[in-house]
Ligand code: SF4
Ligand code: SF4
């Protein structure tokens, strides 16, 4: 089962639409609450990242019987040094974005903490693609 | 799986089928989509209902009622305690004094009175103790004061149950406190009945089947609006020797304000947030699920707007009540220390609150998957206008009922029309379908419905009463 969402860069009012839709679906499927929680936290962070940094993005959520695979593809500035961005507290968010309570540098480390598998590809000046995979049963 | 057979949880909200006209107002407001129209009457799916009373507020025919114990039951006991929250006092207009209110309670037959929030310092210290010494998960901790929000979390936000403060609500504490006081007076516990006067269906449900503990300590529950009416009728008649509340010198500012928005928040340092009103509570819980509120330490939630001043069995306007409550609070001192009340503090602890997720399509995940895919294809055919004429709160809810085998395609009146046009079903059959959902008399001419020729307002009279009146 596939769910697709478009994300508009800079529109914080709509940040979280994808994660809340996915959350509803996972609850209806009866995925254990604590596992849903990890998926949603990771997805929400990644979604907010697109809103905060990119011009636009597409989220595709692929639901399988045993796992969910999420791909977030954005057109944006890209990440120069991914391992640096993974460190807690590192953020390139602008002052305005931080003032809204986003971009405190929790983004990638928090995604990593909540994702079972995480893969990031990025080209500076072009965009970033994030793959998140989480399993419904603890492996 | 039929959800209606699950779990024997107690519910205080009931429907009077004689008054219900299946007008569908309640369908849309229920936060857990617990209501369906069956055979022309609203019905509640018990496992989903959180006793918040939103349906009660929305019903134009007063078909929802709150179960309660008969007031005469107090006379089963030699000593009769009226246990009531501060909002009870603040409901009354300024020309009725506290002393008059207490006097009427005695006149009704109560031998003792006690305000629920009297021993509040025990609760304040105990919650602080929980936050500092027991809780070790992610912040924030969530107040367990409002049982409607506790149940909402169990049913709809099960992953958040671990944030709940594992302490009893003030009414339980107060009941223990009263028992202790009675014992000090030398009263045999079996001779005393404690009656809890409440504005809240969720509190009644919680008292009858408490979350996280076995048995409640209250002996009976009285609907606050009933006592309100009695006080209003008798108060101005009481003269001379006014009774005072037995333990009035123990009432504190914090206690009086506890059930209002910011009441609990005020007692805690750190960053806390106070949220009231069901739709606001839902929004904040959604954000919390997204992992978005980690900088908040304490989250105070109230299902009703203006907290318990907006409870469904409150008679007075919630804003006026809250205003009077703030003014009353100014006249009382700050809460004293809870030192020496350790025994009571022990009674406050409850076991962990279990999640009770109710929104899944099947207990088997693979089957749930298949059902979801089916529901999604059904949605392609439904009109998507959420009209409620099928008896479900939305087209999606109908599609999900269908895959649970609790509804059929022809329940949708638009599909029926279409199928008739396409010659798939006869007009006769279509009409019978409608009658099945909406009851056989649904299409009779009825001039007593709202806005019709003989609309008598709510509390509709039947013909017999009508004749007596004129
Ligand atoms: S009390 Fe609340 S949860 Fe229960 S049926 Fe009414 S609106 Fe729904
Ligand atoms: S806010 Fe108060 S009256 Fe309303 S449901 Fe919660 S506890 Fe009951």
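Residue numbers (this note's numbering), protein chains in the order written: chain F, 16 to 154; chain U, 1457 to 1926.
Beta carbons are placed, not taken as given, at the ideal position from N, Cα and C, and that holds for glycine.
Checklist entry - Excluding sequence positions up to five away, which residues of its chain have a Cβ less than 7 Å from the Cβ of residue 101 of chain F? => result 123, 124, 127, listed in sequence order.
Checklist entry - Over what stretch of residues does the beta strand (DSSP E) that includes residue 1844 of chain U continue unbroken? => result No beta strand (DSSP E) holds residue 1844 of chain U; DSSP gives it neither H nor E.
Checklist entry - Which ranges would you report for the beta strand (DSSP E) in the stretch 1636-1688 of chain U if only whole runs of at least 3 residues count? => result List check, beta strand (DSSP E) in window: 1648-1654, 1676-1679.
Checklist entry - Secondary structure at residue 1583 of chain U, three-state DSSP: helix, strand or coil? => result Helix.
Checklist entry - Are the CB atoms of residue 1873 of chain U and residue 1883 of chain U nearer to each other than 8 Å? => result For residue 1873 of chain U and residue 1883 of chain U, no; Cβs fall outside 8 Å.
Checklist entry - Closest to residue 1577 of chain U by CA distance: which of U/1907, U/1794, U/1775, U/1911 is it? => result Residue 1577 of chain U has its Cα closest to that of U/1794, out of U/1907, U/1794, U/1775, U/1911.
Next on the checklist: Would you say the beta carbon of residue 1767 of chain U is closer than 7 Å to some non-hydrogen atom of ligand 2?
Outcome noted: Under cutoff, so the answer is yes.
Checklist entry - How is residue 77 of chain F classed by DSSP in three states: helix, strand or coil? => result If DSSP states are grouped into helix, strand and coil, residue 77 of chain F belongs with the strands.
Next on the checklist: So the candidates are F/42, F/95, F/44, F/54; which of them puts its Cα closest to the Cα of residue 86 of chain F?
Outcome noted: The candidate whose alpha carbon is nearest that of residue 86 of chain F is F/54.
Checklist entry - Among U/1835, U/1817, U/1604, which one has its Cα closest to the Cα of residue 1466 of chain U? => result The candidate whose alpha carbon is nearest that of residue 1466 of chain U is U/1604.
Checklist entry - By Cβ distance below 8 Å, which residues in the same chain neighbour residue 23 of chain F in space, the five residues on each side in sequence not counted? => result So the qualifying residues of the chain are 29, 66, 71.
Checklist entry - Which whole runs of the alpha helix (DSSP H) in the stretch 1497-1541 of chain U are 4 residues long or more, in chain order? => result At a cut-off of 4 residues, the continuous stretches assigned as alpha helix (DSSP H) that sit fully inside the stretch 1497-1541 of chain U are 1510-1514.
Checklist entry - Name the chain F residues whose beta carbon is nearer than 8 Å to that of residue 1813 of chain U? => result Correct list: 42, 45, 48.
Next on the checklist: Assuming contact is defined by CB atoms lying nearer than 8 Å, are residue 1539 of chain U and residue 1653 of chain U in contact in what I supplied?
Outcome noted: Their beta carbons are under 8 Å apart, which means residue 1539 of chain U touches residue 1653 of chain U by this criterion.
Item to check | Nearest-angstrom Cα separation, counted from residue 40 of chain F out to residue 1827 of chain U | outcome: Cα to Cα, residue 1827 of chain U sits roughly 12 Å from residue 40 of chain F.
Checklist entry - Would the beta-carbon of residue 1498 of chain U fall within 8 Å of that of residue 1478 of chain U? => result Yes. Within cutoff.
Item to check | Closer than 7 Å at the beta carbon, the chain U residues around residue 35 of chain F | outcome: Below the 7 Å Cβ cutoff, chain U contributes 1742 as neighbours of residue 35 of chain F, in chain order.
Next on the checklist: Let me make sure I understand the geometry here. Which of U/1848, U/1810, U/1719, U/1777 has the alpha-carbon closest to that of residue 1616 of chain U?
Outcome noted: Residue 1616 of chain U has its Cα closest to that of U/1810, out of U/1848, U/1810, U/1719, U/1777.
Checklist entry - Is residue 1664 of chain U near ligand 4, judged by its Cβ being under 7 Å from some heavy atom? => result Of the ligands one can find in the structure shown, namely ligand 1 and ligand 2, none is ligand 4.
Next on the checklist: Can you pull the chain U neighbours of residue 12 of chain F, defined as C-beta to C-beta under 7 Å?
Outcome noted: No information on residue 12 of chain F is available, as it lies outside the stretch 16 to 154 that chain F covers here.
Next on the checklist: At a CB distance below 7 Å, what residues from the stretch 1814-1826 of chain U approach chain F? Give them in sequence order.
Outcome noted: Result list: 1815, 1816, 1817, 1818, 1819, 1821, 1822, 1824, 1825.
Checklist entry - Hey, is residue 1704 of chain U close to ligand 2, as in C-beta under 7 Å from one of its heavy atoms? => result Residue 1704 of chain U Cβ: outside cutoff for every heavy atom of ligand 2.
Item to check | Reduced DSSP category for residue 1495 of chain U - H, G, I as helix; E, B as strand; rest coil | outcome: Coil.
Item to check | Nearest to residue 1734 of chain U (by Cα), restricted to the options U/1566, U/1492, U/1608 | outcome: In terms of Cα proximity to residue 1734 of chain U, the closest of U/1566, U/1492, U/1608 is U/1608.
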